[in-house]
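Enquirer: This is the structure I have questions about; it appears just below.
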Amino acid sequence: MKIASWNVNSLKARLPHVERWIAESGADVLAMQEIKLLDEAFPHLMLEPTYAFRAVSGQKTYNGVALLAKRELHEVTFGVPGYDDPQARVVAGTVDGVRIVNLYVVNGESVGSPKYRYKLEWMARVRDYLAAELARYPEMVVLGDFNVAPDDRDVYKPERWREKVLCSTPEREALQSWLALGLHDSFRLFEAGPGHHSWWDYRLMAYERGWGLRIDLVLVSDALKPRVAAAGIERAPRTWERPSDHTPVFVELAPRP
DNA sequence: ATGGTGGTGCGACCA
Numbered sequence: 041m042k043i044a045s046w047n048v049n050s051l052k053a054r055l056p057h058v059e060r061w062i063a064e065s066g067a068d069v070l071a072m073q074e075i076k077l078l079d080e081a082f083p084h085l086m087l088e089p090t091y092a093f094r095a096v097s098g099q100k101t102y103n104g105v106a107l108l109a110k111r112e113l114h115e116v117t118f119g120v121p122g123y124d125d126p127q128a129r130v131v132a133g134t135v136d137g138v139r140i141v142n143l144y145v146v147n148g149e150s151v152g153s154p155k156y157r158y159k160l161e162w163m164a165r166v167r168d169y170l171a172a173e174l175a176r177y178p179e180m181v182v183l184g185d186f187n188v189a190p191d192d193r194d195v196y197k198p199e200r201w202r203e204k205v206l207c208s209t210p211e212r213e214a215l216q217s218w219l220a221l222g223l224h225d226s227f228r229l230f231e232a233g234p235g236h237h238s239w240w241d242y243r244l245m246a247y248e249r250g251w252g253l254r255i256d257l258v259l260v261s262d263a264l265k266p267r268v269a270a271a272g273i274e275r276a277p278r279t280w281e282r283p284s285d286h287t288p289v290f291v292e293l294a295p296r297p
């Protein structure tokens, strides 16, 4: 089962890319972030031929997440129970017995800003949510746009990003508190080196210059780790015309033994 | 270099 995540930066603007990529990628599950449209504007007819099962948490102009699957999505939930967050950032469902939690983590704007404080509060709430989900569903994938580069290997020029938003110590510690629940960064099960990125700023020709960060992650739980057959970043869509600033990332799970 | 580009939607916002 191939499970992918992609911050599409507007599903309306990116629909041609999404259709092209799902045909090429063969993903069984696709988690999207920043769809930036209301539920009623979701292009079900365009995506239904590939993904018969869809869970959408839309929002006008900003945020919005969706979970698409070829096989049945069970136990779909939206948001974090008990956390009244007006922003559409969380959708979860179960496919073939694997819990899949799709997150669009708060960006945070800049260290110390009100949005940064919201980010840290949000990440603390989501830690508790993930702990509760893991207790119910030991086989779990947590994926999405994390808006945190886990460590300096994930940053093209760590000095330039030192203690800046996406790389600051409190954000990294919040992410580590998630990993401490028994989650693993699937990409790092296969690749230990630097120079692997999933997001490049639109400005200053950052992609062409290799100025990227790895902030889109696929975490797998302890119980699922033995089934991880591959993990990676699919860079091609970032080279297409009028791309998202993020490119898809994925994990492949071997069949249950 | 405190800029730069892109999406939404038509003026600021958010990233």
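Using the working numbering, the letters of the first sequence map in sequence onto residues 41 to 297. Cβ coordinates follow ideal geometry from the N, Cα and C atoms, glycine included.
1) What are the boundary residues of the alpha helix (DSSP H) that residue 53 is part of?
2) State the CB to CB distance for the pair residue 270 and residue 292, rounded to an integer number of angstroms; the pair is presumed to be in contact (CB under 8 Å).
3) Judging by CA-CA distance, which residue of 79, 105, 80 is the nearest neighbour of residue 70?
4) Kindly indicate which residue of 50, 156, 74, 89 has the alpha-carbon position closest to the one of residue 209.
5) For residue 250, which residues from the same chain have a beta carbon less than 7 Å from its beta carbon, with the 5 sequence-adjacent residues on both sides left out?
6) Would a C-beta distance cut-off of 7 Å place residue 154 and residue 263 closer than the cut-off?
7) Compute the distance between the beta-carbons of residue 174 and residue 258, then report whether it is under 7 Å.
8) Quick one: give me the first and last residue of the beta strand (DSSP E) that residue 291 is part of.
9) Are there 16 or more other CB atoms within 10 angstroms of the CB of residue 148, so buried, or fewer, so exposed?
10) Excluding five sequence neighbours on each side, which residues of the same chain lie with their C-beta closer than 8 Å to the C-beta of residue 137?
11) What does DSSP give as the partner residues of residue 117 in its beta bridges?
12) When the Cα atoms are used, what is the spatial distance from residue 43 to residue 287?
13) From which residue to which residue does the alpha helix (DSSP H) around residue 301 run?
14) From residue 222 to residue 228, what does the alpha carbon distance come to, in whole angstroms?
15) Is it buried or exposed for residue 185, if we count other Cβ within 10 angstroms and need 16 for buried?
16) Label residue 108 either buried or exposed according to how many other C-beta atoms from any shown protein chain fall within 10 Å of its C-beta, with 16 as the threshold for buried.
17) Suppose you measure from the CA of residue 54 to the CA of residue 64; what does that come to, to the nearest Å?
18) If I measure Cβ to Cβ from residue 267 and keep anything under 6 Å in the same chain, skipping five residues before and after, which residues do I get?
19) Could you give the residue range of the beta strand (DSSP E) that holds residue 46?
20) Would you tell me roughly how many angstroms separate the C-alpha atoms of residue 66 and residue 225, rounded to the nearest one?
Expert: Looking at the atomic coordinates:
1) It spans 51-65 - the alpha helix (DSSP H) in which residue 53 sits, taken as one unbroken run.
2) The C-beta distance from residue 270 to residue 292 rounds to 4 Å, short enough to fall under 8 Å.
3) Of the candidates 79, 105, 80, the residue whose Cα lies closest to the Cα of residue 70 is 105.
4) 156
5) Contacts found: 196.
6) Between residue 154 and residue 263, the C-beta spacing is not below 7 Å.
7) no
8) 289-293
9) buried
10) 179, 296
11) 132
12) 14 Å
13) The structure shown has nothing for residue 301, since the chain only spans 41 to 297.
14) 15 Å
15) buried
16) Buried, because 16 or more other Cβ atoms sit within 10 Å of the Cβ of residue 108.
17) 15 Å
18) Within the same chain, residue 267 has close Cβ partners 293, 294.
19) 42-47
20) 22 Å
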